[in-house]
Structures are given as C-alpha cells and as structure tokens.
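A.B. asks: Under the numbering used here, the first residue of the sequence shown carries the number 3, and numbering increases by one thereafter.
No residue lacks a Cβ here, since even glycine has one placed at the ideal position from N, Cα and C.
Remember, it's a predicted structure, so these values are computed and weren't measured experimentally.
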Amino acid sequence: MSIGEIASRDQAERRAAGQIAAALTGAINELGQASLALPGGRSIVGVLTHLRSLPVRWDAVTVIPADERLLPLGDPDRNWTVIEQELTRPLQDLGAMSGSRAIAFPYEPEASDWGLAGFEREINLPRNTEGVLTIDVMVLGAGEDGHVASLFPGSPLLTSEHAGYLRVENSPKPPPHRITVSPRMIRASGLAVVLFLGESKADALRAFTGGEPGVSRCPARLALEARRCEVCAGF
C-alpha cells in the first residue's frame with residue numbers, strides 16, 4: 003500500500019489522477035487496452051477534471067461504474083451522470099473517446115437481475131483464473147463510515163464469494179436498490195485507488211490505516227488486498 007502525503011484536497015485529487023493515468027497507460031502498453039471503474043458523487047469531480055487533461059489513450063480505455071443506483075438513465079442522483087458530465091462526454095466531444103467505450107449500467111428494474119447479466123456481457127472484461135471479473139484500475143471513494151462502492155459496514159455482501167457485480171437490495175443510504183462491484187472484484191483489480199477527500203473522511207482514514215478494524219467495520223480495507231493499492235487523502 004502506498005499512502006501519499008496528506009495535503010490539500012486539490013493535491014490529493016491531482017495525485018489520484020496521475021496514479022490512474024499511469025496505471026491505465028501501463029495496462030494499455032501491456033495488453034493493448036484497459037478498464038477503469040469509477041465511483042459517482044460530487045467528491046470525484048476534481049479527480050475527473052484533472053484526469054481528462056492527462057495524456058491517456060482513451061480510445062483504448064473502457065470506462066464503467068464501480069457501483070450504481072437503480073435509477074433512470076440521466077437521473078441526477080445516478081453515479082453515471084457525474085462520470086458522463088465530467089469525463090466521458092468531454093472526452094467524446096474532443097474525439098478522444100468512442101461512445102462505445104463508456105458503458106453505463108442499464109435501468110431495468112423489472113428484470114430479475116436488474117440487467118446485470120447483460121451489463122457484464124456488454125463490458126466484456128477478462129476474468130482471472132478463479133473466474134472473477136478483473137478491472138485494471140478501480141477507483142473507490144471512501145465514505146465517512148468507511149464504505150466503498152455500495153459495500154457498507156456490516157453488510158452480508160462483504161462475505162460474498164460472487165465473481166461479478168452484486169445487487170444491493172437494502173442500502174442504508176438511499177436509494178436502497180443498487181449494484182456494486184463485489185469484494186472479489188476489488189481484490190482482483192490491478193490497482194485500487196482509495197480516495198479520502200474532505201475533513202469528514204478523517205476518521206475513516208484513521209480506521210483504514212490503523213490496522214484494527216476488519217473489513218466488516220471498514221469495507222475500504224478490501225482495497226488493501228488488491229494487487230496494488232494507492233491511497234489519496236486530502237482535507
């Protein structure tokens with residue numbers, strides 16, 4: 003695990019963007035393409051602003067959500083709405099990214115799996131030797147309670163052995179229905195970048211780095227089991 007110096011929020015956002023860009027470039031150089039999973043919310047905006055200005059071969063990057071709220075496409079509370087506004091659409095407007103490389107989770111609340119199977123087929127990510135969907139760069143914004151994606155403290159999903167995305171039916175934060183990367187997907191990612199942005203995340207950072215709370219109390223600690231973990235904190 004690498005933890006950058008805790009400095010200003012802007013410095014942490016710039017560091018995160020640099021780490022993401024470098025890892026994507028490394029994956030592209032090695033494999034010819036790369037995948038990037040992103041959280042939503044306003045806390046990611048600064049990182050995306052810096053990221054879209056860096057020299058990445060976006061035509062070789064597939065961008066997907068790390069988690070999503072089961073809300074209609076375009077809803078302002080969907081995670082993808084921020085990702086689209088702050089990263090994928092500006093890149094497409096510049097001709098740097100094809101629309102087929104930005105893949106939103108569908109809105110299919112009537113489907114028994116909410117559209118998960120179709121989404122996983124569309125993103126077409128490789129699986130490791132254990133059959134787990136593998137993402138090159140996974141960005142996770144830690145919440146005040148230490149949650150990441152839609153994996154919350156005490157959730158039974160934290161012990162799931164599922165190899166792909168999971169349905170969340172009773173999120174403690176609204177809306178209750180969501181999809182999220184599974185713990186195994188976090189562990190299988192090439193690089194997990196964990197963001198602790200804002201003074202309200204100070205306690206979560208202490209829990210993350212303190213070593214005592216397990217994953218059940220601080221789900222962000224799942225990222226420590228990724229192949230590589232970078233922590234960017236700025237208050």
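Taking valine 141 as the reference, which of Ile8, Ser10, Arg180, Val233 has the closest Cα?
C.D. replies: Reading the sequence shown from its first residue, position 139 is the one you call residue 141. The shortest C-alpha separation from valine 141 is found at Val233.
A.B. asks: Can you find at least 3 beta carbon pairs, one from the stretch 142-158 and one from the stretch 218-229, that sit closer than 8 Å?
C.D. replies: Segments in contact, yes.
A.B. asks: So, do the stretch 151-161 and the stretch 90-99 have three or more beta carbon pairs nearer to each other than 8 Å?
C.D. replies: no
A.B. asks: With DSSP as the reference, please indicate the residues paired to serine 37 in a beta bridge.
C.D. replies: Taking the sequence shown and counting its residues from 1, one reaches residue 37 at position 35. DSSP lists Thr64 as partners of serine 37.
A.B. asks: Just how far apart, CA to CA, sit threonine 90 and alanine 106?
C.D. replies: Your numbering for residue 90 matches position 88 in the sequence shown. Your numbering for residue 106 matches position 104 in the sequence shown. Approximately 11 Å between the Cα atoms of the pair.
A.B. asks: Scan the stretch 110-166 and note each continuous beta strand (DSSP E) run of 3 residues or more that stays entirely inside, going in chain order.
C.D. replies: 139-143
A.B. asks: Between which two residues does the alpha helix (DSSP H) harbouring arginine 103 extend?
C.D. replies: For the purposes of this step, residue 103 is taken as the residue at position 101 of the sequence shown. It is not in any alpha helix (DSSP H) - arginine 103 carries neither H nor E in the DSSP assignment.
A.B. asks: Short of 6 Å in beta carbon distance, which residues of its chain neighbour arginine 2, apart from the five on each side in sequence? Order them along the chain.
C.D. replies: Only positions 3 to 237 of the chain appear in the structure, and residue 2 is not among them; the question remains open.
A.B. asks: Looking only at C-alpha atoms, which of Ala113, Val49, Arg129, Ala204 sits nearest to glycine 145?
C.D. replies: To locate residue 145, count along the sequence shown from 1; it is residue 143. Taking only the C-alpha atoms, the option nearest glycine 145 is Ala204.
A.B. asks: Might you give, ordered along the chain, the residues of its own chain that have their beta carbon closer than 8 Å to the beta carbon of valine 63, omitting 5 neighbours on each side?
C.D. replies: If you number the sequence shown from 1, residue 63 lands on position 61. Only Leu26, Ile30, Gln35, Ala36, Ser37, Leu38, Met99, Arg103 meet the Cβ criterion.
A.B. asks: Starting from valine 84, trace the beta strand (DSSP E) in both directions and tell me its first and last residue.
C.D. replies: One-based indexing of the sequence shown puts residue 84 at position 82. That residue, valine 84, is in no beta strand (DSSP E); its alpha helix (DSSP H) goes 81-85.
A.B. asks: Quick check: is any heavy atom of the ligand ZN less than 8 Å from the C-beta of alanine 190?
C.D. replies: Among the ligands in the structure shown, none appear at all, so the ligand ZN cannot be discussed.
A.B. asks: For the stretch 42-49 against the stretch 81-89, are there 3 or more C-beta pairs whose distance is under 8 Å?
C.D. replies: yes
A.B. asks: Three-state secondary structure (DSSP) at aspartate 77?
C.D. replies: Along the sequence shown, one-based indexing puts residue 77 at 75. Three-state result, aspartate 77: coil.
A.B. asks: Opposite phenylalanine 237 in the DSSP bridges: which residues?
C.D. replies: Residue 237 sits at position 235 when you count from the first residue of the sequence shown. In DSSP, phenylalanine 237 forms no bridge with anything.
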